[in-house]
Structures are given as C-alpha cells and as structure tokens.
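In this note's numbering, each number is its position in the sequence shown, counted from 1, plus 973. Note that the Cβ used here is the ideal one computed from N, Cα and C, for glycine as well. These numbers were taken from a predicted model, which means no experiment stands behind them.
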Amino acid sequence: LLRADGCITADYVDAIFESFAVNGDYMIVVPEVVLAHARPGSGATRTGLSLLTLRTPVPYAPNPDKTITAVFTLAATDDDAHLGLMRDLAEVLVDDAALERV
C-alpha cells in the first residue's frame, strides 16, 4: 500500500523482508499484529503508515503457533519523523477495544 502511494520504494520492501530474516519475529508487536518497517535510508521517500487486514490468519513460518491477522507498515525517512505516528499507533495497540475494531 505504501509503495503504491509512493511512500516507499521496492528497496524498502526488500529491507523489511531482510530484517525479518535476520531479526526474527520482533515485528510481531502484539499477538496477531505485525509492525513491518525498515531503517530510515532503506527506501522510504516520506513518512507513512498503512494497514492491511487478513481475512484468514497467516501462520508465521518459523513459529506456526503465531498467526498474523493485521499488518501495519511504517515508512520513516529519518529517526524522528515517525514518532507521532508511533505514539498514535501504540495507543491503539494497547487499547483492547480499539485493537478489536482493527
């Protein structure tokens, strides 16, 4: 979604998958929710956040007991520009009612 909107390049998508491969499941921020992201400088052209919800849960391959039903993707152009988005997203992720609506 962010690539279609021009917020990220294909390099940023590759960097997200590389980070998953190297760092494991740290992007699963709460059960069933992924916050996909890469380092600034990896191909983000502007700050953005997208949400993809899945009708059918997808098992996380290395640990099939963990499933994913929602993917937030964060694009950040520097170390500070996205902090407001992260604060707002954190408020949703810790609010059970808000997270259920997602």
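Inter-residue spacing [alpha-carbon to alpha-carbon] between residue i and residue j
i     : j     : result
A1034 : A1054 : 32 Å
R1028 : P1004 : 16 Å
P1032 : T1026 : 14 Å
L1047 : L1072 : 17 Å
D987  : A1009 : 11 Å
L1056 : P1037 : 31 Å
Exposed unless 16 or more other CB atoms sit within 10 angstroms - verdict on residue i
i     : result
G997  : exposed
A1070 : exposed
G1021 : buried
V1007 : buried
Among the options, nearest to residue i - alpha-carbon criterion
i     : options                       : result
A983  : Y999, G1016, P1004 and M1000  : G1016
V1065 : D1052, F1045, D1051 and T1050 : F1045
T1042 : L1024, L1058, D1051 and N1036 : L1024
D978  : T1018, E991 and V1067         : T1018
Reduced DSSP secondary structure (H/G/I, E/B, other) of residue i
i     : result
S992  : helix
D987  : helix
L1022 : strand
A1034 : coil
L1083 : This structure leaves residue 1083 out entirely; the chain is present only between 974 and 1075.
R1074 : helix
Whole-angstrom C-beta distance between residue j and residue i, which should lie under 8 Å
i     : j     : result
I1001 : K1039 : 6 Å
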